[in-house]
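Below: the structure, in structure tokens.
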Amino acid sequence: MSWLTPDVIEVLIAVGKALAILFVVVGCGAFMSFGERRLLGLFQNRYGPNRVGWGGSLQLVADMIKMFFKEDWTPPFTDRVIFTLAPMIAFTSLLLAMAIVPVTSTWMGADLNIGLLFFLMMAGLAVYAVLFAGWSSNNKYSLLGAMRASAQTLSYEVFLGLSLMGVVAQAGSFNMVDIVNSQQHLWNIIPQFFGFVTFAIAGVAVCHRHPFDQPEAEQELADGYHIEYAGMKFGLFFVGEYVGIVTVSSLIVTLFFGGWNGPWLPPVFWFAIKTAFFMMMFILIRAALPRPRYDQVMSFGWKVCLPLTLLNLLATAAVILCNA
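Position one of the sequence shown corresponds to residue 372 (this note's numbering), numbered consecutively onward.
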């Protein structure tokens, strides 16, 4: 066992933490697909899935088995390499962004000094998955959905990044642990309320969730950019959407709600409770709000969210200068 040096042990511990976070995030994303159907049934005064297992508890297992044995069919006249690469990028991009989120002060995938910039980079990478899927499918509905998704995501990522600059200015760091430590006495939701609102809206848009799901609007585009996907390729898109919800919810908790900070309970419980609450909010938004027109979504982003983000940034700078 001479090879088991302190450096090797440190690497093994880091890999173990990363794998644990990977399995937990993917598991939460998969379970959320079942929880969403149950909650939507409750909100709409119906049962939801309740046939497989006690109270529908094994519905997720049945769906996974069904998806695993579906034919992995690739349509003719597609670019097979890019067609296969797109769902992989969609699944891994926001999953990798979860690596910089600290669950506790010592439990995280990677403690980067540029943590927030890494998240923005991964969120930008997710656009390529949509573009690749729409362009390589050789389908007019897929291409139109990809064009919608890329324009919407690039537009909302402008103030996705700007909404975080107030938090960075107050904490004085891009490091996620430093940002959480700066909220020990006052959560950022109070001084950065407008930043929280715009970041939450942009996060929903980046995940392509209702009411910002125009790229996959069934009534207009017949499921949009992943209309030609089946089997495990579609499964990667499907689970990747819920992984994005887990990532955005955990980032909201970390940046604006004190992360793992809280009284009495262990830090990991506080982080899990806060994250689960915002995951529930994604489902509630889907149940409560209608889908606006595509031009209304773009106008809302540029004419409402962007000015609000700039106003929040100016106010934060003014407060910092006054306190200096």
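The beta carbon of each residue, even a glycine, is placed where N, CA and C say it ideally should be.
Inter-residue spacing [alpha-carbon to alpha-carbon] between residue i and residue j
i	j	result
residue 533	residue 576	15 Å
residue 699	residue 560	Residue 699 is absent from the model: the chain starts at 372 and stops at 695.
residue 503	residue 443	18 Å
residue 426	residue 460	35 Å
residue 570	residue 623	8 Å
residue 379	residue 553	32 Å
residue 402	residue 431	7 Å
residue 383	residue 527	38 Å
residue 562	residue 391	34 Å
residue 457	residue 482	28 Å
Contacting residues, own chain, Cβ-Cβ under 6 Å from residue i (five flanking each side not counted)
i	result
residue 531	573
residue 418	412
residue 468	490, 493, 618
Three-way DSSP call (helix, strand, coil) for residue i in this model
i	result
residue 683	helix
residue 475	coil
residue 404	helix
residue 667	helix
residue 584	coil
residue 673	helix
residue 562	coil
residue 432	helix
residue 633	coil
residue 392	helix
Minimum C-alpha distance to residue i - residue among the options
i	options	result
residue 620	642, 666, 491	642
residue 679	692, 422, 567, 660	567
residue 509	401, 542, 449, 551	449
residue 662	668, 455, 682, 582	582
residue 653	389, 377, 400, 390	400
residue 490	545, 608, 512	545
residue 477	434, 638, 669, 645	638
residue 547	405, 486, 421	486
residue 599	445, 385, 386, 551	445
Host alpha helix (DSSP H) of residue i (start-end)
i	result
residue 492	486-507
residue 523	511-542
residue 641	638-659
residue 458	451-468
residue 549	547-552
residue 613	602-627
heavy atom of the ligand HEM below 7 Å from residue i C-beta
i	result
residue 502	Judged by which ligands are present, the structure shown has none, so any question about the ligand HEM falls away.
Contacting residues, own chain, Cβ-Cβ under 8 Å from residue i (five flanking each side not counted)
i	result
residue 518	505
residue 466	393, 396, 397, 611, 614, 618
residue 429	423
residue 541	553, 559, 562, 563, 687, 691
Neighbourhood of residue i by C-beta distance below 7 Å, restricted to the same chain and skipping five residues each side
i	result
residue 514	505, 506
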